[in-house]
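For reference, the structure discussed in these notes is given below.
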């Protein structure tokens with residue numbers, strides 16, 4: 442099995458190092474990741490300048506671009522052979538609900554789908570990043586079960602969130618839907634040194650809602666969440682409704 446690993450926390454992130462260690466037990470790993478943190482860059486590409494991959498070791502490169510840039514370069518230029526899977530993470534923080542639309546971690550795994558390569562995005566839904574290392578054995582067993590090419594769905598990535606507790610306290614694995622996250626007071630107004638208004642995006646209060654089988658419910662109750670995702674966001678239930686509108690121009 443050949444695996445391309447990437448992330449959005451940067452090539453030096455502890456989570457990526459653990460992921461590479463785990464994936465190396467499952468197959469041959471190529472690692473291509475940004476040279477710095479690229480959180481919330483979503484599926485962006487760098488188009489206004491060239492990219493410069495720098496070798497960091499055997500089958501390992503850092504890229505001065507986004508997570509999507511990194512996977513695109515890995516698949517199109519740097520990997521010696523076409524990978525069977527793209528595995529992204531382990532993100533330092535959750536990627537649940539609408540976060541998947543902003544997440545560079547999820548976008549990196551999603552980029553593989555454009556090449557017909559399925560993927561897995563892995564995130565740790567907590568702030569005590571030292572706990573990520575306790576998941577080494579658990580994640581190895583989980584990925585060994587997930588990365589079975591004969592049954593892995595086409596055009597699909599699996600979004601995995603690990604609960605914010607030691608791996609020994611995990612209650613199991615649940616297959617989930619996306620929940621809904623609500624940020625309040627996430628804009629902070631300030632002044633620059635010249636007295637002009639500036640705004641910081643981030644922080645504030647975070648609350649969750651969603652179905653009983655949603656990702657945040659599973660993680661909150663101590664389970665690993667696995668959510669199948671795909672690129673097609675068409676609302677098929679509304680196709681006939683919208684076709685029935687008078688849209689003549």
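Residue numbers (our numbering): 442 to 690. Positions of the beta carbon are idealized from the N, C-alpha and C atoms, including for glycine.
Which residues in the same chain have their Cβ closer than 7 Å to the Cβ of residue i, if we skip the five residues on either side of it in sequence?
i: residue 630; result: 638, 640
i: residue 607; result: 572, 575
i: residue 587; result: 561, 599
i: residue 556; result: 516
i: residue 543; result: 481, 483
Tell me whether residue i is buried or exposed, calling it buried when 16 or more other Cβ atoms sit within 10 Å of its Cβ.
i: residue 578; result: exposed
i: residue 558; result: buried
i: residue 576; result: buried
i: residue 518; result: exposed
i: residue 691; result: The requested residue 691 does not occur in the structure, where the chain is confined to residues 442 to 690.
i: residue 503; result: buried
i: residue 628; result: exposed
i: residue 508; result: buried
i: residue 511; result: buried
i: residue 520; result: buried
i: residue 671; result: exposed
i: residue 524; result: buried
i: residue 459; result: buried
i: residue 623; result: exposed
i: residue 568; result: exposed
i: residue 388; result: There is no way to answer for residue 388, as the model of the chain reaches only from 442 to 690.
i: residue 473; result: buried
Rounded to whole angstroms, how far is the Cβ of residue i from the Cβ of residue j, which I believe are closer than 8 Å?
i: residue 693; j: residue 597; result: This structure cannot speak to residue 693, because the chain is shown only from 442 to 690.
i: residue 657; j: residue 538; result: 7 Å
i: residue 527; j: residue 548; result: Actually they do not touch by this definition, with Cβ atoms about 11 Å apart.
i: residue 564; j: residue 530; result: 6 Å
i: residue 570; j: residue 455; result: 6 Å
i: residue 532; j: residue 633; result: Not confirmed; about 31 Å, so no contact.
i: residue 464; j: residue 584; result: 7 Å
i: residue 669; j: residue 594; result: 7 Å
Measuring alpha carbon to alpha carbon, tell me which of the options ends up nearest residue i.
i: residue 469; options: 455, 480, 501; result: 501
i: residue 467; options: 532, 623, 446; result: 446
i: residue 691; options: 673, 662, 689; result: Because the chain here runs from 442 to 690, residue 691 falls outside it and cannot be looked at.
i: residue 443; options: 497, 522, 494; result: 522
i: residue 660; options: 483, 535, 462; result: 535
i: residue 674; options: 643, 541, 690, 506; result: 541
i: residue 496; options: 471, 482, 483, 516; result: 471
i: residue 664; options: 580, 515, 684; result: 580
i: residue 613; options: 589, 582, 684; result: 582
Suppose the cutoff is 6 Å on Cβ atoms and the five residues either side in sequence are ignored; what does the same chain contact list for residue i look like?
i: residue 477; result: 451
i: residue 654; result: 617, 618
i: residue 690; result: none
i: residue 650; result: 621
i: residue 493; result: 505
i: residue 687; result: none
Tell me which same chain residues have a C-beta within less than 8 Å of the C-beta of residue i, skipping the five on either side of it?
i: residue 513; result: 486, 552
i: residue 498; result: none
i: residue 421; result: Nothing in the structure corresponds to residue 421, since the chain is present only between 442 and 690.
How about residue i: is its C-beta nearer than 8 Å to some C-beta of chain C?
i: residue 671; result: The question asks about chain C, but that chain is absent: this structure has only one protein chain.
Is residue i close to the ligand HEM? I mean its beta-carbon at under 7 Å from any heavy atom of the ligand.
i: residue 665; result: The ligand HEM is not part of the structure shown, which contains no ligands of any sort.
Would you say the segment 478-487 touches the segment 594-611, given that touching needs at least three Cβ pairs under 8 Å?
-> Two segments are said to touch when three or more pairs of C-beta atoms, one from each, lie closer than 8 Å; by this definition the segment 478-487 does not touch the segment 594-611.
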